[in-house]
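Position one of the sequence shown corresponds to residue 1 (the UniProt record's numbering), numbered consecutively onward. By construction, the Cβ of each residue, glycine as well, lies at the ideal position given by its N, Cα and C atoms. Please read the structure below before turning to the comments.
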Amino acid sequence: MASGEDGTMVLGPWGGSGGSAWSFENALAITKIKISMGHIIDSITFQYMDGATARWSPRYGGAGGQPTEIEIGPAEFIISMKGYYGAYVGTIMIYSITFVTTIREYGPYGQEKGTQFFVPKGTGFISGFHGCSGDQLDAIGVYMKTSIEPAVAVGPWGGSGGTAWSFENALTITKIKISVGDVIDSITFQYMDGDTARWSPTYGGAGGSSTEIDLGTNNNLKAISGHYGDYHGIIIIKSLTFVTTTGTYGPYGQEEGTAFSLPLKAGKVVGFFGHAGQWLDALGFYLKHSSA
């Protein structure tokens, strides 16, 4: 067992060493698991939420077997996994897998024969998987987070015009792009999806002059503040300021109207939500508490 810098525990893998190593981690919301099986487990694939978008991981394993899909609810966490591995045509492979969530047990999928393995309950929740695979699933292990504490929604501040939006479950926000004119026209976030940098949708309109804040991967937000007020008869976000561990960014926009602020003494911003149309009407935050 090993632990990462963010407190993630690495358990396993169990099984053989054939095929290529793979890793799927930092998925706060795993929504589906697709398992293909025949005599053994041929492959496994995971669906997860990337902000408000459902995405599929690569397929880990081959194209054979009969597929089965597990659907995991939005308030359901995977807290344990168990299964069997053993020799198949001279190679050690995964024979069966069972998943245990906070609500029920799914499986077993495959044949329960060979050597048993399991992830004990009470350790936390599974936020990802790793292992080895080629034409079949050779080995599987898990990434465990030690807390199932959900994100807390704070806010939003501003008006109720436009369309509601939500960008959440981003463990590492690396850039913030703000477009500003008379008010805050729009906001966009860059975040890390594993080793890949991705951009969220743009929340707001196409106007304004664009400014980009580069937070990097080791720079945490310490406070966020701003102003909102009337603009052409609509309540809109008028200014935003971000304070990080290395400096202050802003204010962007005009500091007029009603002030709001969010000091982050023992937490981390893992997402944003609000309303947007032609401009950024309202802004709120998703927070995860931190012991640091």
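- Three or more beta-carbon pairs separated by less than 8 Å are not found between the region 242–253 and the region 135–149, which leaves the two stretches without contact.
- Non-local C-beta neighbours of T202 in its own chain, meaning closer than 6 Å and more than five positions away in sequence, comprise S186, T188, ordered along the chain.
- Judged by their CB atoms, Y48 and W22 are not nearer to each other than the 8 Å cut-off.
- The beta carbon of E255 sits closer than 6 Å to those of H227, S239, all from its chain and outside the five residues before and after it, given in chain order.
- The beta carbon of S36 is closer than 6 Å to those of D42, S43, G65, P67 in its chain, skipping five residues each way along the sequence.
- Taken through DSSP and simplified to helix, strand or coil, H275 comes out as strand.
- Its chain contains Y228, I234, I235, I236, H275, D281, A282 as the residues whose beta carbon lies nearer than 8 Å to that of G159, once the 5 sequence neighbours on both sides are disregarded; these appear in chain order.
- The alpha-carbon of W157 is positioned some 7 Å away from that of F260.
- Annotated as distal: F285 and G128, with beta-carbon spacing of 8 Å or more.
- If only complete runs of 4 or more residues are kept, the region 42–84 shows no alpha helix (DSSP H) anywhere.
- Secondary-structure assignment with DSSP links S166 through a beta bridge to F273.
- The DSSP-derived three-state label of V180 is strand.
- About 5 Å separates the Cβ atoms of V183 and Y231, confirming a contact at the 8 Å cut-off.
- DSSP places R104 outside any beta strand (DSSP E), giving it a letter other than H or E.
- With fewer than 16 neighbouring CB atoms inside 10 Å of its own CB, P120 falls in the exposed class.
- Judged by DSSP in its simplified three-state form, Q111 adopts coil rather than helix or strand.
- Y84 sits close to Y95, with the two beta carbons spaced by under 8 Å.
- A direct Cα-Cα distance of roughly 5 Å separates S209 from V180.
- Between L137 and M192 a beta carbon distance of about 26 Å is seen, past the 8 Å cut, so the two are scored as non-contacting.
- Inclusion of F77 and T115 in the CB contact set at 8 Å is not warranted, their separation being larger than that value.
- Straight-line measurement puts the Cα of L287 at about 16 Å from the Cα of T174.
- At a Cβ-Cβ threshold of 8 Å, Y109 and I40 do not count as neighbours.
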